[in-house]
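Residue numbers (the numbering used here): 24 to 579.
Report on the structure given below.
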Amino acid sequence: MFFCLISVVLPLTSFVVTFFLGNRLGSYAKLITVFNIFFSVIFISIGVSEVIKNSLILTVKSHYWLKCASLHIQWGFAFDNVSVLMILMVCIVSLCVHIYSCYYMSEDPHITRFMGYLSLFTFFMLFLLSSDNLIQIFCAWEGVGLCSYLLINFWFTRVEANKAAIKAVLLNRIGDYSFFFSIALVLVVFKSSELTVINSVLPYFVSQQIYLLNYSFGVIDVICFGFLIAAFCKSAQIGFHIWLPDAMEGPTPVSALIHAATMVTAGVYLVLRCSYFFELAPIFLKILILAGGLTALLGASTAFFQYDIKKIIAYSTCSQLGYMFVACGLSRYDISLFHLINHGFFKAALFLCAGIIIHTLSGEQDIRKMGGLKKVLPLVYSSMLISSAALAGIPFFSGFYSKDAIMGNLLILNSSLGFFSYFICLLAALFTSLYSFKILFLVFWIHPNYASRINYFKIHFSGYLPYVSIFILTVMSIFSGFYLKDFMIGIGSNTFDGLFYHKNTIDFLIDYEFIVYDYNFNAFYKFLLFYVSFFGPFWYIHKWFLYRSNFLQKFK
């Protein structure tokens with residue numbers, strides 16, 4: 024318990040030190056933040072081994088911080104298999120972002136303030152993941168939103184950064200009000216905000232009604248509606264996604280942290296923690312499937328037609344979050360968490376590689392004005408190739424294992440909604456494969472296409488510091504899916520028993536491998552994702568050969 028708690032508190036101490044002593048410590052302040060996050064990773068690793076090895080749920084209660092009539096709220100923390108795995112992922116990604124920021128922001132005079140904001144952002148996310156009641160989750164929810172505003176608007180002298188930060192706050196304010204309304208209704212109905220207490224008595228309130236505007240609604244349905252809107256706003260789902268691409272106005276390390284580990288993952292985590300609510304409101308499960316599939320297609324297709332390297336990766340995040348919501352709608356919350364963890368590693372690697380490319384080219388972000396970087400930045404090219412393969416779902420990389428599991432569940436759903444969502448997600452996977460290798464083609468494979476030759480001659484090796492972060496994330500992008508698959512979603516796995524709602528059906532892996540043929544499906548449909556994931560690399564390899572032959576003919 025001590026190791027888990029100290030891993031949550033350490034980022035807060037980093038912020039306090041940099042806030043009060045940053046000017047006196049100077050460059051030592053950023054080292055303090057890096058070492059604190061490093062020790063958080065060490066301590067939570069010990070906590071993960073303790074919790075998972077012994078199948079424990081570690082809880083701690085502190086003093087009452089809110090007393091109002093019969094409502095008494097304590098500071099409470101719960102560390103189970105779900106929270107410790109998420110905390111470990113967030114800490115690893117945050118450590119890599121902190122190390123990378125020492126390089127990326129080295130010339131910024133306000134780097135100490137920036138590192139403090141990153142640590143505070145990490146703390147609020149860890150606070151959210153470890154909270155055991157809805158009110159405490161809401162406090163952390165607001166803290167994450169505050170830090171996103173501070174970091175997106177870090178370069179506050181830029182008008183576009185101001186607009187982007189305000190847009191993010193306003194869009195998320197809709198979800199905050201919705202979340203607050205659902206929490207208030209939970210307190211009125213259940214007289215408690217602790218998730219374990221609520222889940223234990225939830226089936227007895229299925230038939231209870233509430234009257235709004237002279238209409239009768241189920242209490243569970245109204246609560247789920249509030250949670251759904253909150254999750255959609257925070258995770259930038261269709262209709263609420265417009266703030267996420269504009270968040271690219273902040274520094275690149277901010278983009279990596281928001282998209283991979285903190286801000287947008289909070290919405291998915293809320294659905295995971297409230298799975299018992301959604302299982303008693305089946306209509307919202309269908310909405311999750313449909314909205315998630317449409318968001319996956321919208322994000323992937325939009326990314327394909329973008330040329331700003333950061334916005335391509337940003338829209339990619341919208342698309343991948345859609346897959347996670349589809350898994351939640353299928354009641355496969357374990358697969359959603361599995362994809363969330365895999366996505367955190369390869370998406371952070373993509374953003375950090377993009378940051379090095381932008382930094383190397385003196386701020387250029389248009390991929391049409393790049394090219395020829397394969398020989399100049401070989402380590403970045405290798406990392407981006409691996410991360411793009413994981414994003415596209417190429418077999419044996421991390422993204423393949425989780426994405427294939429989601430598509431398999433859609434296939435065995437055996438309903439019109441399942442078939443429709445399956446082909447929507449398949450089309451999204453096709454666009455994902457295309458834009459992933461479009462970046463590689465225009466940035467690394469073709470010959471230099473810079474607006475000015477000066478940018479090309481300024482390219483130089485930036486030192487080994489940023490490559491430490493990229494190497495860690497790249498290794499995780501290769502192996503996380505393979506090593507976590509059997510543990511998280513394998514046949515007979517009881518990792519999340521009692522933590523999520525589980526259907527009393529045959530395990531989906533057995534379904535997908537054997538019973539799928541009872542639905543009169545051709546085996547071709549089963550391997551469609553496999554074929555689609557290779558379409559992007561084959562298409563752009565073909566284009567590269569055509570480009571190379573045309574280029575050589577000009578000099579004959």
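C-beta: ideal position from N, C-alpha, C; glycine also.
Range of the contiguous alpha helix (DSSP H) that encloses Leu434: Ser421 to Leu434
Distance between beta carbons of Ser411 and Ile462, contact taken as under 8 Å: 7 Å
Proximity test, Asn156 beta-carbon vs the ligand GDP heavy atom, cut-off 8 Å: Of ligands this structure carries none, so the ligand GDP is not represented either.
DSSP bridge partner residues for Leu81 (one or two, in chain order): Paired residues: Phe102.
Among Trp98, Cys91, Val74 and Ile75, nearest to Ser85 - alpha-carbon criterion: Trp98
Cβ-Cβ distance between Thr135 and Lys257 below 9 Å: Result no, Cβ atoms of Thr135 and Lys257 do not sit closer than 9 Å.
Leu137 (DSSP reduced to helix, strand or coil): Leu is not the amino acid found at residue 137; the sequence shown has Phe there. Correct three-state label for Phe137: helix.
Ser239 in three-state terms, based on DSSP: strand
For Asn222, the first and last residue of its enclosing alpha helix (DSSP H): Leu218 to Val224
Extent of the continuous alpha helix (DSSP H) to which Ala259 belongs: Premise fails: Ala259 is in no alpha helix (DSSP H) and is neither H nor E.
Simplified DSSP state of His382, which is helix, strand or coil: helix
Alpha carbon of Ala169 to alpha carbon of Leu33, nearest angstrom: Ala is not the amino acid found at residue 169; the sequence shown has Leu there. Leu169 and Leu33: Cα-Cα distance of roughly 19 Å.
Spatial distance of Leu450 from Leu373 (CA atoms): 22 Å
Neighbourhood of Val242 by C-beta distance below 8 Å, restricted to the same chain and skipping five residues each side: Leu208, Val212, Phe228, Gln231, Gln232 and Ile233
Rounded straight-line distance, which links the Cα of Val555 to that of Phe494: 28 Å
Enclosing alpha helix (DSSP H) for Met511 [first to last residue]: Leu488 to Ile512
Element boundaries [alpha helix (DSSP H), containing Ala191]: Val182 to Phe213
Met347, enclosing alpha helix (DSSP H) - first and last residue: Ile332 to Gly352
Residue from Gly394, Cys376, Ser30 and Ser516 with nearest C-alpha to Ile358: Comparing Cα-Cα distances from Ile358 to each of Gly394, Cys376, Ser30 and Ser516, the minimum goes to Ser516.
Under 9 Å between C-beta atoms of Ala191 and Ala270: yes
Coil, strand or helix - Asn527 by DSSP: Residue placement at Asn527 is flagged as unreliable, the pLDDT there being 45, under the threshold of 50; a coordinate-derived value is accordingly withheld.
Residue environment, Arg196, which counts as buried when at least 16 other CB atoms sit within 10 Å: exposed
Contact check, Val291 vs Leu353, beta carbons under 9 Å: no
Cutoff 7 Å; reference Ile501; Cβ partners in own chain excluding five residues on either side: Ile409, Phe420 and Ser421
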